[in-house]
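Heads up: the sequence shown begins at 1 in the UniProt record's numbering, then just goes up one per residue.
For every residue, glycine included, the Cβ atom is placed at its ideal position computed from N, Cα and C.
Just so it is clear, the structure is predicted and the values come from calculations on it, not from any experiment.
Single-structure report; data block below.
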Amino acid sequence: MSNTNLPSNTGNNSVNPIKSAGNIMSARNSALSSKLYSARVTRKNPCAIVILIDQSLSMQEEFKNGITRAQAVSDIVNDLFDSLIMKCQKEGGIRDYFQIMVVGYGEKVSIIWEGKLENNDWVSVTDLKDNILKIETTEKPKLTHWGETIMEKVNKKTWVNPCSSGLTPMYEALKMCKDKLEDFVYDNQESFPPMIFNITDGYPTDVKDLSLITEICSEIKSIKTNDGNALIFNCLITNGDEMLLPSVKSEKCFEENEYHEILFQASSNLPFEMKNIANQVFQNERFINDEIKGVIINSTINSLINLLNIGTNTALSNAAE
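Structure follows, in structure tokens:
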């Protein structure tokens, strides 16, 4: 006896049970993954940001505008801190949505806070506001409403000074980062996952086998809170054609350069909400449709700024009022 209420197994409308099951699992996995990287960022549950800065001798190389790589990176990081202070300023004062650590690696590997922040590992946004290392008045170009460029006096705040000496002990810096993050997440399991930004202009000099960089980064990426795994972003400031947040499917493009391939493999896949922010920042819809890696090869200064903004803006979009 047939049951006419059951779907037909013949014709164009036939149901493939295997395909249907696959679609259900795909939807389930998408739903589960979309819940990650969505934790509310609060003063009680701050997000960790670690910035690793290459301070080797090669960072003395100058851009076309005459500014050294070391100075440019220092300026960008200081501007980021100034921006975070403004973005975390709410009625009643600063909201400490972030705990921040900056590690320099060159002649030595160390946490590079100076002044009253020296000897601290993690620094809050309030700490940054209250402990500016120095303030200098400088001029920067400003475009007026009528299209004229004028020079405007601005206060340049400094927390991190440029430095360029020694070799590139990147592995040791990543190892320090791993150890510090393990302690952080132990006490902050409800926080938005830590974000690590590694800014460099060259090869690590403290490993003979470059795969060790991938391995230590994998160990860092395995560190997680209840909201997901730590996210690593690599930014290589060198000359050449820029490769900006490449698709995970484009690994073959890196086969001719082992180090580029290592940085590609070492970097995190961007979660969904972060891809949306990347699209807004870079104005590129590819970042929404593709699975993309948090790495920039031959980065421009503007791209480095945007990369830092992708991370911090994603966390701030989850910030509690």
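By a C-beta neighbour count over all protein chains shown, 10 Å radius and 16 as the cutoff for buried, is residue 246 buried or exposed? buried
Closest by CA to residue 192, which one among 283, 99, 301, 134? 99
Determine the extent of the alpha helix (DSSP H) in which residue 182 is found, giving its start and end residues. 170-187
Would residue 270 pass as a contact of residue 220 if the rule is Cβ separation under 8 Å? no
Whole angstroms are fine: how far does the CA of residue 152 sit from the CA of residue 199? 29 Å
Quick one: what does DSSP say residue 6 is sitting in, helix, strand or coil? Its pLDDT being 37, under 50, residue 6 is placed unreliably in this model, and the coordinates cannot settle the point.
Assign residue 136 to one of three DSSP states: helix, strand, or coil. strand
What separation, rounded to the nearest whole angstrom, lies between the Cα atoms of residue 48 and residue 254? 30 Å
Given that a residue counts as buried once 16 or more other Cβ atoms are within 10 Å of its Cβ, and exposed if not, what is residue 265? buried
How would you write the range of the beta strand (DSSP E) that residue 163 sits in, first residue to last? Premise fails: residue 163 is in no beta strand (DSSP E) and is neither H nor E.
Whole-number beta carbon distance between residue 287 and residue 306, since they are thought to touch under 8 Å: Contact doesn't hold; Cβ gap of about 11 Å is too wide.
I'd like to know whether the C-beta atoms of residue 112 and residue 185 end up nearer to each other than 8 Å. no
Rounded Cβ spacing between residue 37 and residue 228 (contact assumed at less than 8 Å): 5 Å
Looking only at its own chain, which residues have a Cβ that is under 8 Å from the Cβ of residue 119, when we skip the five neighbours before and after it? 113
Given a cut-off of 8 Å on the beta-carbon distance, is the pair residue 50 and residue 125 in contact? no
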